[in-house]
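**Student:**
2 protein chains.
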Amino acid sequence: MAALDLLGRRGALRIVWELREARVLTFRALQAAAELPPGTLNTRLAELRAADIVAVDGGYRLSSRGADLIIALWPLLRWSEDWASALET
Amino acid sequence: MAALDLLGRRGALRIVWELREARVLTFRALQAAAELPPGTLNTRLAELRAADIVAVDGGYRLSSRGADLIIALWPLLRWSEDWASALET
DNA sequence: AGAGGCGCTTCATTTTCTGTAGCATCGCCG
DNA sequence: CGGCGATGCTACAGAAAATGAAGCGCCTCT
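Those sequence lines, one after another, are chains A and B.
Numbering-wise (the working numbering), the first sequence opens with residue 1 and increments by one.
Numbering-wise (the working numbering), the second sequence opens with residue 101 and increments by one.
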């Protein structure tokens, strides 16, 4: 479960999420969107780049593997919406 | 993305994973399976119980919402297998 | 009584995260 | 050219979290 270990680090899933739909964000924009301090963001980005999930190409974007990841994440996101609305009641 | 925040904590996804297929584990068995020290496990279990993902019923098991989560996790697990085998090459 | 399993708790150490500040670089505009 | 704003990213001190080992109190079974 190495992948779960990587994605289970603070902010990792959030970064991937913010780069959904082929978004290209600058370091600072990503920092604002993911609500992470620069040090953490930079550490996380290094790991995600090493894992070939995030690519740098005129800003940060998902690699093709990262795009697959977003697709695989869809059911989880659906679940989290249901979960959030269920908790409100 | 409160759910992602919760699941993005160390060991959280791993705990859910170890409870897949309606498994019922004792605290110590879960500790061994998830490779977590008791303090961390206990903290995480408290969060997961508060989120109604894990239930205590003669041991730790997934709640019905937790079972839904496992299903939603399937594509991600598939992706992580592909990812792991791709990294080996 | 003793042995073993149980769910935790405690504690000291190490690791990680946070938040602010700021550096060096680049492109743009007058 | 000289400044201006934005960029990616580093530095640092303090806070928070995780780690690993030890062990407590409780229960059950022999």
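We treat Cβ as the ideally placed atom computed from N, Cα and C, and that holds for glycine.
Could you pull the DSSP bridge partners for B/V154 from this structure?
**Tutor:** B/L162
**Student:** Name, please, each residue of chain B whose Cβ falls closer than 9 Å to the Cβ of A/P75.
**Tutor:** Near A/P75 (Cβ distances below 9 Å), the residues of chain B are I171, A172, L173, W174, P175, L176.
**Student:** Judging by CA-CA distance, which residue of B/A133, B/L187, B/P137, B/E121 is the nearest neighbour of A/A50?
**Tutor:** Relative to A/A50, the option among B/A133, B/L187, B/P137, B/E121 whose CA is nearest is B/L187.
**Student:** Looking at C-alpha atoms only, which residue of A/I71, A/S80, A/S64 is the closest neighbour of B/G108?
**Tutor:** A/S80
**Student:** The alpha helix (DSSP H) that contains A/E18, what's its start and end?
**Tutor:** Residue range 12-18 is occupied by the alpha helix (DSSP H) that includes A/E18.
**Student:** Of all the CB atoms in chain A, is at least one closer than 9 Å to the CB of B/A132?
**Tutor:** no
**Student:** Looking at the secondary structure, which residues open and close the alpha helix (DSSP H) in which A/L6 lies?
**Tutor:** 2-7
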